[in-house]
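Number of protein chains: 2
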Amino acid sequence: MAGKRVTLADVARRAGLSPTSASMILNGRSDTRLSQDAHDRVIKAAAELGYRPNVAARGLRTDRTDTIGFISDVVATTRFASGLIKGALDRAHDAGHVLIVLETAGEPRREAEAVEAALDRQVDGVIFATMRSRELYVPPVPDGTRVVLLNATNELHPVSILPDEYAGGRAAVDLLAAAGHREGILLLGHNAEKERGLFRSMTVERRFAGIRDAMAEHGLQFMAEESIWLWEPENGYAAMTKLLKRHRSSLRAILALNDRLAFGAQQALTEAGLRVPDDVSIVSFDNDELASYMRPGLTTIALPHEAMGTAAVDAVLDPERTGEILVPMPVVERASIAAPRS
Amino acid sequence: MAGKRVTLADVARRAGLSPTSASMILNGRSDTRLSQDAHDRVIKAAAELGYRPNVAARGLRTDRTDTIGFISDVVATTRFASGLIKGALDRAHDAGHVLIVLETAGEPRREAEAVEAALDRQVDGVIFATMRSRELYVPPVPDGTRVVLLNATNELHPVSILPDEYAGGRAAVDLLAAAGHREGILLLGHNAEKERGLFRSMTVERRFAGIRDAMAEHGLQFMAEESIWLWEPENGYAAMTKLLKRHRSSLRAILALNDRLAFGAQQALTEAGLRVPDDVSIVSFDNDELASYMRPGLTTIALPHEAMGTAAVDAVLDPERTGEILVPMPVVERASIAAPRS
DNA sequence: ACGTCGTGCTAAATGGATTTAGCACCGACC
DNA sequence: GGTCGGTGCTAAATCCATTTAGCACGACGT
Numbered sequence: 000m001a002g003k004r005v006t007l008a009d010v011a012r013r014a015g016l017s018p019t020s021a022s023m024i025l026n027g028r029s030d031t032r033l034s035q036d037a038h039d040r041v042i043k044a045a046a047e048l049g050y051r052p053n054v055a056a057r058g059l060r061t062d063r064t065d066t067i068g069f070i071s072d073v074v075a076t077t078r079f080a081s082g083l084i085k086g087a088l089d090r091a092h093d094a095g096h097v098l099i100v101l102e103t104a105g106e107p108r109r110e111a112e113a114v115e116a117a118l119d120r121q122v123d124g125v126i127f128a129t130m131r132s133r134e135l136y137v138p139p140v141p142d143g144t145r146v147v148l149l150n151a152t153n154e155l156h157p158v159s160i161l162p163d164e165y166a167g168g169r170a171a172v173d174l175l176a177a178a179g180h181r182e183g184i185l186l187l188g189h190n191a192e193k194e195r196g197l198f199r200s201m202t203v204e205r206r207f208a209g210i211r212d213a214m215a216e217h218g219l220q221f222m223a224e225e226s227i228w229l230w231e232p233e234n235g236y237a238a239m240t241k242l243l244k245r246h247r248s249s250l251r252a253i254l255a256l257n258d259r260l261a262f263g264a265q266q267a268l269t270e271a272g273l274r275v276p277d278d279v280s281i282v283s284f285d286n287d288e289l290a291s292y293m294r295p296g297l298t299t300i301a302l303p304h305e306a307m308g309t310a311a312v313d314a315v316l317d318p319e320r321t322g323e324i325l326v327p328m329p330v331v332e333r334a335s336i337a338a339p340r341s
Numbered sequence: 000m001a002g003k004r005v006t007l008a009d010v011a012r013r014a015g016l017s018p019t020s021a022s023m024i025l026n027g028r029s030d031t032r033l034s035q036d037a038h039d040r041v042i043k044a045a046a047e048l049g050y051r052p053n054v055a056a057r058g059l060r061t062d063r064t065d066t067i068g069f070i071s072d073v074v075a076t077t078r079f080a081s082g083l084i085k086g087a088l089d090r091a092h093d094a095g096h097v098l099i100v101l102e103t104a105g106e107p108r109r110e111a112e113a114v115e116a117a118l119d120r121q122v123d124g125v126i127f128a129t130m131r132s133r134e135l136y137v138p139p140v141p142d143g144t145r146v147v148l149l150n151a152t153n154e155l156h157p158v159s160i161l162p163d164e165y166a167g168g169r170a171a172v173d174l175l176a177a178a179g180h181r182e183g184i185l186l187l188g189h190n191a192e193k194e195r196g197l198f199r200s201m202t203v204e205r206r207f208a209g210i211r212d213a214m215a216e217h218g219l220q221f222m223a224e225e226s227i228w229l230w231e232p233e234n235g236y237a238a239m240t241k242l243l244k245r246h247r248s249s250l251r252a253i254l255a256l257n258d259r260l261a262f263g264a265q266q267a268l269t270e271a272g273l274r275v276p277d278d279v280s281i282v283s284f285d286n287d288e289l290a291s292y293m294r295p296g297l298t299t300i301a302l303p304h305e306a307m308g309t310a311a312v313d314a315v316l317d318p319e320r321t322g323e324i325l326v327p328m329p330v331v332e333r334a335s336i337a338a339p340r341s
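Chains as they are written, first to last, in numbering that gives the first Met the number 0: chain A, 0 to 341; chain B, 0 to 341.
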């Protein structure tokens with residue numbers, strides 16, 4: 000609607016000063032000797048005209064655009080991705096920055112294109128996010144540009160935001176132990192023997208480590224460890240249906256490696272006439288949307304999407320932050336854990 | 000890594016020509032009289048140096064930045080939002096454009112801020128998206144900037160992308176009718192009498208209309224229409240539990256107004272010992288993630304998130320497109336509909 | 001009376017591209 | 001020989017804001 004944009008020259012003209020003066024005043028530079036009166040006139044003129052600086056023009060001169068590139072392999076498929084984006088968006092907004100969001104589907108060609116598209120627009124920094132945490136290839140980037148890895152790592156750019164999976168793994172075990180579980184505990188989704196040499200993701204390895212260490216410290220052992228490669232509901236359902244044939248009588252608790260497995264497992268339990276948590280307790284990971292829809296609600300160790308997103312933007316903005324930044328995984332207690340049936 | 004960016008001047012120098020010539024050649028202008036040899040030299044120099052134009056600088060001159068602002072009230076909460084974004088992202092990528100994503104939480108202050116942040120960066124157009132379709136307030140925007148409403152409408156900017164809910168509503172009824180259902184059909188989520196005067200959302204009203212018309216054409220009537228204000232699983236569960244007391248024996252099919260209600264309802268059915276689809280058929284709307292996790296899978300009329308997102312970018316890019324653009328809602332057939340038990 | 005210093009402000013360069021206006025040269029034609 | 005037209009290319013302006021270098025003026029000191 001409005002005609003065209005107001006420029007700095009317009010403001011200066013209205014204030015009866017040069018653009019130089021107007022620029023200095025609006026940028027709040029303290030070392031100028033401009034009069035109080037000049038200040039007042041410029042501020043007033045800018046307000047009256049509704050002046051907003053042209054970020055592109057400014058960026059040309061200053062090399063800062065208050066714009067960050069957010070490059071992710073996947074954005075829509077998982078709630079995880081959108082949580083990261085939302086966290087990043089919120090923090091960027093607080094800091095007066097803006098996000099250019101790009102998706103690569105994990106294809107190297109598109110990754111390179113995305114970086115270029117971002118750099119073409121003079122972004123101040125780039126965030127690389129992956130869903131399956133891993134060492135990520137990062138195309139070359141000019142010197143001044145901050146690079147932050149979100150749920151990923153890279154040798155050349157040692158700034159990574161990761162969930163504290165080790166502590167999370169421990170927390171899950173602690174929850175079962177605290178409820179009094181000592182026996183009949185099933186690990187659903189992973190079997191260290193069978194999966195030897197297979198790589199899932201950096202962070203999930205840490206989750207396993209946390210679980211293993213905590214089990215040992217509590218002096219506990221799993222009744223069974225079921226390897227499942229794809230952690231989707233149907234696989235949880237299938238595995239659980241099968242497992243119930245052998246372990247039905249001794250099963251007391253399930254430590255599922257994510258909520259989707261837990262969801263499927265619970266469907267199988269329900270169909271078999273077992274009740275959660277009276278007969279079997281369940282704890283799991285991620286705090287997927289599903290977890291809150293289950294009946295009873297699923298107790299789970301949350302993947303802190305949004306906190307990771309905000310941490311990533313913080314890291315771009317603050318060059319001091321460096322190294323591995325671990326974001327705690329909150330325990331979300333719902334109603335799927337109870338004391339074991341004797 | 001790389002030192003600093005290569006500029007057009009660098010390319011021109013290497014080709015032994017002026018920036019003017021280099022610019023014209025790289026932009027493929029046909030009306031110049033530059034020699035074939037000059038063309039070759041410039042193209043070669045640009046390739047060797049890895050030249051990429053600075054979009055900000057170009058935008059300053061041309062008022063085009065190949066950048067689109069995507070302003071949404073909510074991004075992470077629903078899968079719907081991220082589907083829209085993904086669709087938009089993909090199409091933008093195809094067209095060599097980039098998206099600045101902004102979130103407003105539906106607050107007018109943040110909406111205004113978001114528009115300004117986008118305009119400050121010289122975007123070519125702005126997409127306004129809402130989750131609950133409605134007439135949306137759009138802050139003033141300069142003349143040349145395209146504005147497209149996504150799942151929303153606005154008087155001043157008559158370019159709207161909307162799901163074809165009317166047809167979708169009809170499709171749901173058709174599905175039940177085709178399976179042979181004539182009686183014992185429950186409408187779950189809305190009661191026209193009780194909700195008279197209450198406004199849910201533009202598109203949902205059309206969904207109702209489609210359902211109503213199709214029912215009439217098939218000569219059918221609902222056994223009951225249950226008003227539920229919040230379409231969440233727990234509400235579906237609660238309503239269904241209650242309804243079963245009265246209608247258990249005659250109930251044959253449920254037309255749920257979204258998948259979350261259907262999900263809750265199905266939990267109630269299962270607990271009551273009724274089986275889907277043998278005892279009761281279910282059809283619903285949205286194609287929420289949940290729908291594929293249910294056992295059996297839920298047949299549903301999909302909200303075409305991604306298609307809507309791509310349509311929005313198309314509309315920004317093509318000034319010819321105008322008016323209400325209706326995107327079809329695909330029927331996703333799974334396994335929740337069967338012929339009625341006699 | 002003249003140099004010095006502080007005060008208040010501005011001209012012009014800059015960043016990287018596009019675009020307008022026009023220059024220099026060559027051959028053809030009268 | 002002068003003019004006209006075409007060919008091949010470039011200087012300079014422009015977009016908008018920031019920044020460097022420095023001008024003009026008055027007061028002060030000696």
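Here a beta-carbon is modelled for each residue, glycine too, at the ideal position from N, C-alpha and C.
{"query": "For Arg4(A) and Glu115(B), I'd like the C-alpha separation in whole angstroms.", "result": "11 Å"}
{"query": "Using the beta-carbon of each residue, which ones in chain B are nearer than 9 Å to Val54(A)?", "result": "Ala55, Ala116, Asp119, Arg120 and Gln121"}
{"query": "Can you pull the chain A neighbours of Phe262(B), defined as C-beta to C-beta under 8 Å?", "result": "Tyr292"}
{"query": "Determine, using beta carbons only, whether Leu101(A) comes closer than 8 Å to chain B.", "result": "yes"}
{"query": "Write down every uninterrupted run of the alpha helix (DSSP H) in the segment 49-120 of chain B whose length is 4 residues or greater and which is fully enclosed by it, in chain order.", "result": "54-61, 78-93 and 107-119"}
{"query": "Counting C-beta neighbours from all protein chains within 10 Å, is the total for Ser341(A) 16 or more, i.e. buried, or is it exposed?", "result": "exposed"}
{"query": "At the 8 Å Cβ level, is Val158(A) part of the contact set with chain B, yes or no?", "result": "no"}
{"query": "Within 10 angstroms of the Cβ of Asn26(B), are there 16 or more other Cβ atoms? Answer buried if so, exposed if not.", "result": "exposed"}
{"query": "Between Ala301(A), Glu270(A) and Ala271(A), which lies nearest to Val282(A) when the distance is taken from Cα to Cα?", "result": "Ala301(A)"}
{"query": "What residue from Glu154(B), Phe262(B) and Gly218(B) has the CA that sits closest to Glu233(B)'s CA?", "result": "Phe262(B)"}
{"query": "Taking the beta strand (DSSP E) that Arg131(B) belongs to, which residues open and close that run?", "result": "Gly124 to Glu134"}
{"query": "Return the chain-ordered list of same chain residues with a C-beta closer than 7 Å to the C-beta of Leu149(A), the five sequence neighbours on each side being excluded.", "result": "Leu83, Ile126, Phe127, Ala128, Ile160, Met307 and Ala311"}
{"query": "So, helix, strand or coil for Arg145(A), using DSSP?", "result": "strand"}
{"query": "Please decide whether Thr309(A) counts as near chain B, where near means a Cβ-Cβ distance under 8 Å.", "result": "no"}
{"query": "Can the beta-carbon of Gly68(A) be found closer than 8 Å to that of Arg40(A)?", "result": "no"}
{"query": "Please find out if some non-hydrogen atom of the ligand NAP comes closer than 7 Å to the beta-carbon of Glu224(A).", "result": "Absence of the ligand NAP from the depicted structure is noted, as is the absence of any ligand whatsoever, leaving it without description."}
{"query": "Taking DSSP as the reference, what is the three-state secondary structure of Gly209(B)?", "result": "helix"}
{"query": "With distances taken between CB atoms, is the gap from Pro162(A) to Met23(A) smaller than 8 Å?", "result": "no"}
{"query": "Count the other C-beta atoms from every protein chain shown that fall within 10 angstroms of the C-beta of Ser81(A), then say buried if there are 16 or more, exposed otherwise.", "result": "buried"}
{"query": "Tell me whether Thr299(B) sits in a helix, a strand or coil according to DSSP, three-state version.", "result": "strand"}
{"query": "May I ask which residues mark the beginning and end of the alpha helix (DSSP H) holding Gly312(B)?", "result": "Note that residue 312(B) corresponds to Val in the displayed sequence, not to Gly. Its alpha helix (DSSP H) spans residues His304 to Leu316."}
{"query": "So Gly183(B) packs on Gly209(B), CB below 8 Å; how close in whole Å?", "result": "21 Å between Cβ atoms; not a contact."}
{"query": "If the criterion is Cβ atoms closer than 8 Å, does the pair Ala94(B) and Leu289(B) meet it?", "result": "no"}
{"query": "Our contact map puts Leu101(B) next to Ala113(B) with C-beta atoms below 8 Å; I'd like the distance itself, whole angstroms only.", "result": "4 Å"}
{"query": "Is there at least one Cβ from chain A nearer than 8 Å to Ser22(B)'s Cβ?", "result": "no"}
{"query": "Give me the residue from Thr298(A), Asn286(A) and Arg259(A) with the minimum Cα distance to Val275(A).", "result": "Thr298(A)"}
{"query": "Where does Gln220(B) land, buried or exposed, given buried means 16+ other C-beta within 10 angstroms?", "result": "exposed"}
{"query": "Among Val122(A), Glu110(A), His217(A) and Ala37(A), which one has its Cα closest to the Cα of Arg57(A)?", "result": "Val122(A)"}
{"query": "Looking at Leu185(B): is its Cβ nearer than 8 Å to the Cβ of Glu225(B)?", "result": "yes"}
{"query": "By how many angstroms is the C-alpha of Met222(B) removed from the C-alpha of Glu260(B)?", "result": "Checking the sequence, you will find Leu at residue 260(B) rather than Glu. Going from the Cα of Leu260(B) to the Cα of Met222(B) covers about 18 Å."}
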